């Protein structure tokens with residue numbers, strides 16, 4: 008088994024899960040995941056790859072950048088994307104408000120969802136997250152604080168609706 012196959016087998020599902028939660032679209036997440044691993048294959052075939060260890064944080068950074076490129080290329084406003092997801096999710100919720108964790112996560116803004124995924128699901132450090140997001144560690148800490156606060160609000164609202 009070569010290096011690319013090991014990387015693909017180890018990280019394919021995690022990259023897909025990250026992209027699925029980022030874009031809320033399975034087909035798009037599959038396409039972007041395929042593009043991430045294509046770029047990885049190309050990168051590993053170059054001589055420049057000797058200097059960088061291709062691990063999960065590198066793959067997530069590539070996935071994040073591909074998603075941002077997709078949004079820019081298709082002129083999608085992230086706020087509009089979040090509003091659309093909220094409307095779609097709200098229309099699919101039954102009377103008992105049976106929401107799972109993913110639906111709750113999708114109900115917060117994309118920038119917060121990304122931070123929560125990177126920190127809680129992938130267990131990245133602030134330094135790794137700042138590298139992926141191209142911002143300072145202090146900005147990551149502040150944004151992560153806001154993300155957790157927003158998620159707590161959403162969860163509290165969910166609990167209040169389910170108790171009634």
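In this note's numbering, the protein residues as written are 8 to 171.
In this text, a Cβ means the ideal position worked out from N, Cα and C, and glycines have one as well.
Bear in mind the structure is a predicted one, so any value in this text is a computation, not a measurement.
Proximity to residue i [Cα-Cα], best of the options
i	options	result
residue 125	60, 21, 168 and 160	21
residue 154	114, 45 and 165	114
residue 119	17, 14, 13 and 159	159
residue 10	121, 77, 62 and 134	62
residue 165	23, 79, 112 and 64	112
residue 32	16, 13, 14 and 77	77
residue 65	53, 163, 14 and 168	14
residue 141	81, 130, 67 and 129	67
Chain-order list of residues whose beta-carbon lies under 8 Å from that of residue i (same chain, five-residue window excluded)
i	result
residue 69	43, 46 and 47
residue 23	36, 37 and 40
Status (buried if at least 16 other CB within 10 Å, exposed otherwise) for residue i
i	result
residue 18	buried
residue 27	buried
residue 152	exposed
residue 36	buried
residue 168	exposed
residue 25	buried
Whole-Å CB distance - residue i paired with residue j, under 8 Å assumed
i	j	result
residue 74	residue 39	6 Å
residue 123	residue 136	No, residue 123 and residue 136 are not in contact; Cβ-Cβ is about 11 Å, not under 8 Å.
residue 147	residue 71	No, residue 147 and residue 71 are not in contact; Cβ-Cβ is about 13 Å, not under 8 Å.
Chain-order list of residues whose beta-carbon lies under 6 Å from that of residue i (same chain, five-residue window excluded)
i	result
residue 150	122
residue 91	Per-residue confidence for residue 91 stands at a pLDDT of 39, beneath the threshold of 50, marking its modelled position as unreliable; the derived number appears in the next sentence. So the list is empty, once near-sequence residues are dropped.
Other residues of its chain near residue i: CB distance less than 7 Å, five sequence neighbours each side excluded
i	result
residue 133	144, 147 and 148
residue 161	111, 114 and 115
ask   = At which residue ranges does the region 16-54 contain complete alpha helix (DSSP H) runs of 4 or more residues, listed in the order of the chain?
value = 33-51
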